[in-house]
Amino acid sequence: MQRGISYEGVIAQAFRDSFAKLDPRIQMRNPVMFVVEVGTVVTLVLSVWPTAFGPAGGPERLYDIIVTVVLFVTLLFANFAEGLAEGRGRAQAQSLRRTKSDTIAHRIDADGRSLGDAVATSLRLGDMVRVEAGEIIPTDGEIVRGVASIDESAITGESAPVIREAGGDFSSVTGGTRVLSDWIEMRVTVEPGKSFLDRMIALVEGAERQKTPNELALTVLLAALTLIFLVVVDTLAPMASFLHAAIPMATLIALLVCLIPTTIGALLSAIGIAGMDRVIRFNIIAKSGKAVEAAGDVDTLILDKTGTITLGNRMADAFLPMPGVDEEAMLRACLLASYYDETPEGRSIVELARKLGQDAAESETAGATAIAFSAETRRSGIVLADGKEISKGAVDVIRKLAEREGAQIPPELDSYTAQIARSGGTPLAVVADAQLLGVIHLKDIIKPGMKERFDALRRIGIRTIMVTGDNPLTAETIAREAGVDDFIAEAKPEDKMRRIREEQAQGKLVAMTGDGTNDAPALAQADVGLAMNSGTSAAKEAGNMVDLDSDPTKLIEVVSIGKQLLITRGAITTFSIANDVAKYFAIIPAMFLGAIPALGALNIMHLTSPQSAILSALIFNALIIPALIPLALRGVRYVPMGATQMLQRNILIYGFGGVITPFVGIKLIDLALTALGLAHI
Amino acid sequence: MTFTGLLGDALFLVVLTAVAVPLGRYMYRVMEGERTFLDRIFDPVERAIFRISGIDAQKGMDWRKYVIAFLLSNLVMAVLVYLILVFQTSLPLNPAKLGPITPTTIFNTVASFIANCNWQVYAGETTLSNFSQWALQYLQFTSPASGMIVAVAFARGFVANRPDLGNFYRDFVRSLTRIFLPIAFVAAVVLVALGVPDTLGGPVVAHTLSGLTQVISRGPVAAFEAIKQLGTNGGGFFNANSAHPFENPGPWTNLIEEFLMALLPTSLVFTFGHYIKNIKQAWVLYGVTMFLLVGLLVLVYSAEASGNPLLRHVLGVAGPNWEGKETRFGIAGSSLFTSLTTAYTTGAVNNMHDSLTPLGGLVPLFQMMLNSVFGGKGAGLLNMLMFVIISVFVTGLMVGRTPELFGKKIEAKEVIAASVAFLIHPLIILWPTAIALSTAAGKAGILNPGFHGLSEVVYAYASSAANNGSAFAGLAASSPFYAISTGIVILLGRYLSMILMLYIAGSLLKKKTVPVSPGTLRTDTWTFGTVFLGVELIMGALTFFPVVALGPIAEQLAMLAGKVF
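Residue numbers (our numbering), protein chains in the order written: chain A, 1 to 681; chain B, 1001 to 1565.
Below is the structure:
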């Protein structure tokens, strides 16, 4: 994805949006802010025509005008917050759209004969297209013929090219990526407008954004609160008039706006958009906001061992010479046997040997030839210039080879092999000139920091299950070392599915990652299915998120983002409601100071005048919105900890803090208004 | 405040709790059809009832069926009592030869008694025949039973793998035969022993020493009194309610009456704990609510004990506020009664709430506004749980998970219903108050000017909405305007929120139970209890602060400032 979006542009656009969004049809979607808008119109009418709603018994017109301005600014702040959140996505979408526009596709028929060129957007499901080196792939599809290196940086931001070829799990290509070398012929797998790129553009623009169930529930609660305060305020006027106290309309509206949860009302959609945006910036495409929220609720993570928990490859850990074999000779043989081996395992053997002080001199390997690994021989090695042959391979293969050459098989071979297997490693035997030299211990290397992350997950109540094709013994060792809660050994794809169903039957939410076509059913069954972008299109279709970097570990981050989204929403809601306490203490005594002087005792903040009290509360109410925009966009800092502990922490900050902050804020604004001479207008 | 007064109140609450815990368990066993010691007596009785009525009491109901059965049975009972009141003059047991009752009074009375409110716009001894009193007494049994079993049905929504909410008729019968009737029976006998009359005879005419004649009303008072208190009904046999010497002759009957009204709602919290298989949760709900109750009790007690400073300054009368109180109950006994009767939304009174100090009067008013300080039978627990749902939703988000309550996810549906249920209460208090204060008919019924007049009106609607039934007095409650408007408020306050809560239960019932993990927000902790308390207070206070500020708070502040009306 294109980085470095111009922030000035986003802010300018959000500023323009703030006005465009004043359209009542847009405001209506947000009941809280709609009430503010109606209130603004009423005070505006009063400012122009003070007797619009009966005789003007209240304070000066200037007061009405100031209230109108503050209300108007409140609306703009709310719109700005939303605009800012949307703008960041929109800027990203624009850079994506540039990639998409005007791509020309060379259409072909099933046998590869050209059917002439067409615009990419006209391609339909099932069409065949040929893409040459240097060209942009017009839309999503499956490679039918050919193999090519492809630059996916437009989508993933990863500059290293990837190889895609017909057949197998690496046959899917994404529209907007570029063929670097060779050519491919592909079948289009999506209808126009439904490609990955289209979806991503829609997603980041927020066009497809639907309110998540959770957001919906919160909106209803906020609407109910708004309605309650509407009743509270509109019944206040007759009560006051029973007590012969007249309350100016502008004051009633000010009270109403202060009481209804404008802070969360203004920031709610920005929080949602920003949450999705965080996911996208993390290079994950979530197909819906619901999936992100579900991630926050996950109870069980099902993770593949290889590539997720362990590094993709095994590494040499130790050399175990057979009795009577010189350790140095053994090391040397291992080094030479792996000299031409470019696999990660081979490299790790060479590396370990060098670390232990062995190295091959130039002279030694001069004229040597490699024995390449083949599926038939299942071993690799080297033939030195003097004809000496050293090879390494699976223990059973090497044992047979050694026996055939008449070598003694020491009993330690079996005991070492068993010992390595027990510890979760893989043994490789080394043989040279009919002598069995020893065993190399290859070990699964657990990615650094995994144990800590699993511990953190456990603290927040998420269990991890490791899935591996290894035997139970090996699996158990790795599971213990990595600190996962459970494992499935010798796993077949259907085992994953079964486990997901079992967990779900207990009422748990399950998240998993996958890339192969045989993962697709499990990805669809899981509540959160994170498909790898490198995977097949079936897998990508089945999951509800796609990781563009194809890093399965990121599932853990997705969980954090989901939680952070919910926490931010809850925190600002709590803050918003808690704020009302102070606002009451500012406004109620101010409202009735004339008619009911006794209520002056409630003016515990000692605000200068009734007008300054009401305006201070209203201004605080407006200013708190931009003050919290960064928090809404960034999200509340999330530290994994137990639920009760987290509740204590957040209640202290946002609940208790929400009660205290406005007392301070309103007092300060009142002091400022007094200093400016606006306290008595 | 005296030390003995406080000690007495504390002792009362300890004994109450000690009885409520096992009784809550007994009630659970009764409602779930487990074996109890009264089976031998009541099993045949119940079988006979169901055989005669032809009801299949084993058939479970979903929330819709339960609601329909609840509403229908309440409607039938209401119509029955309505007819009895309409034809009072043609029916027997009218020794005092009392005349017909006005239609608005009948409407208000039936609405009030079917809804467990017992707001009374009539004076019992001069309006109702013994037969009519019996009809009302019948509703005093059935309305708390209806309320209690709705709460029980709601609790069943949380039970894992339950197919239904239970059978309304079975619950109804069992709760009456095994809970209400036995306790009320014993209580009535004890009250008779302590001097409460119980007779079908007519009024006694006494010739006083000064040579005048005095007509003394009597009737089947003890039986009425027992269920009036036990069922958190509160509608007195006499107009003076529990301040009347025949209803409440002395300190011991006073204690028993206080005990009876607090007994079942407190026990029900523990019954709920058994349903969700989490007694600690019940203790947290109990603890938080008891904290509120005690705090408010101390407030009213201290306000009454310190008396009216104006009297001290102007007349030189020092000491507690004795106005409207019976000396036989004392300040502590009166304050406790006031506090309990509004906390448990009973509505019986042993002193005149209109005469409380403004701050003292704020306590009963605020408890009815919260409507969840234990509350009435069933309704109170439902309101507590509605606040719990809202607390769990808002604060549950703050731990980063879709909120769960007792293992069931709280999602849009539940929050919508709980929000509406939450909305109803302030709506049906504040709107009618505003209407009353701005219409001629409403204003005509207000007997005091200023803040106190406002308090009287708000109190009337708060009492109706909370189905409390206690009156602040000082209001022409029997005028058609108030009789009709309070009647409507009573019905809305009763049925709307119960239907919504059963809807929630129906929705929860279908959900899978989520296992508890360290990431689950536990609601059975004191941390959550504190949050729950905060939400209840802030939500309640935010909604009613303006009206309370204009009523009792303004009056109190004015009083302290030395203003006389």
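Virtual Cβ for every residue (Gly too), placed ideally from N, Cα, C.
The structure displayed is predicted, hence computed values, not measured ones.
DSSP three-state assignment for residue i, whether helix, strand or coil
i, result
"A/Q506", "coil"
"A/A531", "strand"
"B/L1427", "helix"
"A/S114", "strand"
"A/A366", "coil"
"A/Q2", "Residue placement at A/Q2 is flagged as unreliable, the pLDDT there being 38, under the threshold of 50; the coordinate-derived value follows with that caveat. Coil."
"B/A1206", "strand"
"B/T1104", "helix"
"A/E557", "helix"
Separation of residue j from residue i, as counted between CA atoms
i, j, result
"B/E1555", "B/A1348", "25 Å"
"B/Y1028", "A/L230", "41 Å"
"A/T219", "B/L1230", "41 Å"
"A/R399", "A/R634", "60 Å"
"A/V67", "A/I253", "9 Å"
"A/G535", "A/T517", "8 Å"
"A/R145", "A/E165", "7 Å"
"A/E389", "A/C334", "12 Å"
"B/I1055", "B/I1227", "27 Å"
CB contact below 8 Å: residue i versus chain B
i, result
"A/G461", "yes"
"A/L413", "no"
"A/Q2", "Below a pLDDT of 50, predicted positions are generally treated as unreliable, and A/Q2, at 38, falls in that range; the measurement from the model is reported next regardless. Answer no: the Cβ-Cβ gap between A/Q2 and chain B never drops below 8 Å."
"A/V581", "yes"
"A/P610", "no"
"A/D527", "no"
"A/F196", "no"
"A/N214", "yes"
"A/I488", "no"
Status (buried if at least 16 other CB within 10 Å, exposed otherwise) for residue i
i, result
"A/M19", "It should be noted that the sequence gives Phe, not Met, for residue 19 of chain A. Looking at its Cβ environment, which holds fewer than 16 other Cβ atoms inside 10 Å, A/F19 is exposed."
"A/I664", "The amino acid occupying residue 664 of chain A in the given sequence is Val; Ile does not appear at that position. By the neighbour-count rule (16 or more Cβ atoms within 10 Å), A/V664 is not buried but exposed."
"A/S114", "exposed"
"B/Q1137", "buried"
"B/P1364", "buried"
"B/L1200", "exposed"
"B/P984", "The structure shown has nothing for residue 984 of chain B, since chain B only spans 1001 to 1565."
"A/R3", "Caution applies to A/R3, whose pLDDT of 40 falls short of 50 and renders its modelled position unreliable; the value that the coordinates give is listed next. When all chains shown are included, A/R3 counts as exposed."
"A/V179", "buried"
"A/P448", "exposed"
"B/S1132", "buried"
"B/T1439", "exposed"
Residue i and residue j closer than 8 Å at C-beta
i, j, result
"A/F72", "A/D140", "no"
"B/L1296", "B/S1339", "yes"
"A/I462", "A/L301", "yes"
"A/P640", "A/A456", "yes"
"B/F1042", "B/L1255", "no"
"A/G424", "A/T474", "yes"
"A/T608", "A/T674", "yes"
"B/P1320", "B/M1559", "no"
"A/T426", "A/K305", "no"
Test: residue i CB closer than 8 Å to a CB of chain A
i, result
"B/P1163", "no"
"B/V1288", "no"
"B/V1415", "yes"
"B/M1369", "no"
"B/L1359", "no"
Cβ of residue i within 8 Å of any chain E Cβ
i, result
"A/P238", "In the structure shown, chain E does not exist; the protein chains are A and B."
Check: residue i C-beta below 7 Å from any heavy atom of the ligand MG
i, result
"A/Q419", "The ligand MG is absent from the structure shown, which contains no ligand whatsoever."
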